[in-house]
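Beneath this line is the structure, given in structure tokens, with notes to follow.
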Amino acid sequence: MRKKFVAGNWKMFTTAASAEKLAQDVVRGLGSESRVQVAVCPPFPYLSRVGQALKGSGVGLGAQNLYPEKEGAFTGEVSPTMLVDVGCRHVILGHSERRHKLGESDGFINRKVHAALAAGLDVILCVGETLEEREADQTEKVLDAQVAGSLKDIRGDALARIVVAYEPVWAIGTGKNASPEQAQQAHAYVRQRIAQQCGADAAQKLIIQYGGSVKPDNASSLLRQPDVDGALVGGASLKADDFLAIVRAGM
Ligand code: PEP
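Residue numbers for the sequence shown follow the numbering used here, beginning at 3 and rising by one.
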């Protein structure tokens, strides 16, 4: 039985004050509830402040990216050890906005996955097809390439520290979510693909989140699918009430 995991990706939104308030509201709203694992991923500048607001709660702190080196002359980048240093437990890697707007390749994402794990961070690895790819019947081929490339040289035991987020690009920030059946089909495919690559036992334990316009009114039907083990939530994670309603849908 996999425990559901709901994470909020705050992207490049919030201010220092609104990030702190959002974190406080999430903590207050959850109380001692622990049936669902919860994390929030604010922008880099607010990690410490949000970390303070989360202290003593069960809500994990995550970053949205990292650079795959310990330190060095990489102006403007943030290392995995810096993220650990400010209290991060998770990091989102391979988000489609980074793949498609910033040109990140599976090879580069794979370096980040290894660097994150080596520093002690748990990874939320995003995969998913564009609308063009889905319409051209390429979804499975795209998922194959992303899983093979991003998880290269990841063995069964390392997989325990990885969550995969299936995020069809056409559903992200568009208000158009995948149907529960489409999500289930893709999740089952990803699990089977990962079983081939990393072993059946590790794949059975793997948490696969769905991401793409998850809202309070569609969360239950998505989270009821047998291979949908949680959600990576963008827009709706910026409102505490909506995010908490999505978390509750996973209980
Ligand atoms: C995301 O940012 O990962 C995401 C799924 O965004 P949204 O929920 O806004 O579609």
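C-beta: ideal position from N, C-alpha, C; glycine also.
- Just to confirm, are residue 215 and residue 169 a CB contact at a threshold of 7 Å? no
- Query: What are the boundary residues of the beta strand (DSSP E) that residue 127 is part of?
  - Reply: 124–129
- Query: residue 156 lies in the beta strand (DSSP E); which residues open and close that run?
  - Reply: Careful: residue 156 lies outside any beta strand (DSSP E) and carries neither H nor E.
- Query: Would you say residue 276 and residue 94 are within 7 Å of each other, going by their C-beta atoms?
  - Reply: Absent from the model: residue 276. The displayed extent of the chain is 3 to 253, so no value can be given.
- Message: Looking at the ligand NAP, does it come within less than 6 Å of residue 20, judged from the CB to the closest heavy atom?
- Response: Although the ligand NAP was asked about, the structure shown includes only the ligand PEP as ligands.
- Message: In the DSSP output, what is residue 67 paired with across the bridge?
- Response: Here residue 67 is not bridged, per DSSP, to any residue.
- Message: Using 8 Å for Cβ pairs, my map puts residue 64 next to residue 126. What's the rounded Cβ distance?
- Response: 7 Å
- Query: Is there contact here, the segment 223–236 with the segment 22–35, by at least three beta-carbon pairs under 8 Å?
  - Reply: No: the two stretches stay apart, fewer than three of their Cβ pairs being nearer than 8 Å.
- Looking only at its own chain, which residues have a Cβ that is under 8 Å from the Cβ of residue 155, when we skip the five neighbours before and after it? 112, 116
- Message: Would residue 221 and residue 251 qualify as a contact pair, given that the criterion is a beta-carbon distance under 7 Å?
- Response: Between residue 221 and residue 251, the gap from beta carbon to beta carbon is short of 7 Å.
- Item | Whether residue 234 touches residue 213 by CB criterion (7 Å) | yes
- Item | Burial state of residue 57 (16 or more Cβ within 10 Å) | exposed
- Please name the residue, chosen from 158, 91, 72, that lies closest to residue 83 on a Cα-to-Cα basis. Of the candidates 158, 91, 72, the residue whose Cα lies closest to the Cα of residue 83 is 72.
- Message: Just to confirm the assignment: which complete beta strand (DSSP E) runs, minimum length 3, are found wholly within the segment 191–223?
- Response: Correct list: 209–213.
- Message: If the criterion is Cβ atoms closer than 7 Å, does the pair residue 86 and residue 46 meet it?
- Response: no
- Message: Which of the three DSSP states is assigned to residue 7 in this structure?
- Response: strand
- Contact belief for residue 210 with residue 193 at Cβ below 8 Å, rounded distance in angstroms: 6 Å
- Item | Euclidean distance between Cα positions of residue 254 and residue 245 | Nothing about residue 254 can be read from this structure; the chain reaches only from 3 to 253.
- Message: Quick check on residue 41: does DSSP put it in helix, strand or coil?
- Response: strand
- Task: Could you give the DSSP three-state label for residue 174: helix, strand or coil?
- Result: Residue 174: coil per DSSP, three-state reduction.
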